[in-house]
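In UniProt numbering, the protein residues as written are 1 to 80.
Okay, structure coming up:
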């Protein structure tokens, strides 16, 4: 599954990487963040219900899902 029903995928260029963000619904903004080692699709079961009441914004964090990974860094500070 590459999408959540009723949501649109957007790319946001941060200058360092491009982030993939799913967005759907109307109302006050609600940001849902995934944990390690998940991606935005971990919210697929609940996001459509939340979108009935909120503007739901679900990013793939850097290096996860469809977001770009930062350059390799031996001590992983770019992920922190």
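Glycine is no exception: its CB is placed at the ideal position from the N, C-alpha and C atoms.
**Study point:** Nearest residue (CA-CA) to residue 30, options 39, 57, 47 and 45
**Key:** 57
**Study point:** Residue burial classification, residue 46 (beta-carbon count within 10 angstroms, cutoff 16)
**Key:** exposed
Check your understanding: Where residue 1 and residue 41 are concerned, what is the direct C-alpha to C-alpha distance, given to the nearest angstrom?
Key -> Low local confidence applies: a pLDDT of 45 at residue 1 is under 50, so the model's placement there is unreliable, with the coordinate-based value given in what follows. Between residue 1 and residue 41, the C-alpha separation is close to 8 Å.
Check your understanding: Going by other Cβ atoms of all chains shown within 10 Å of its Cβ, with 16 needed for buried, is residue 33 buried or exposed?
Key -> exposed
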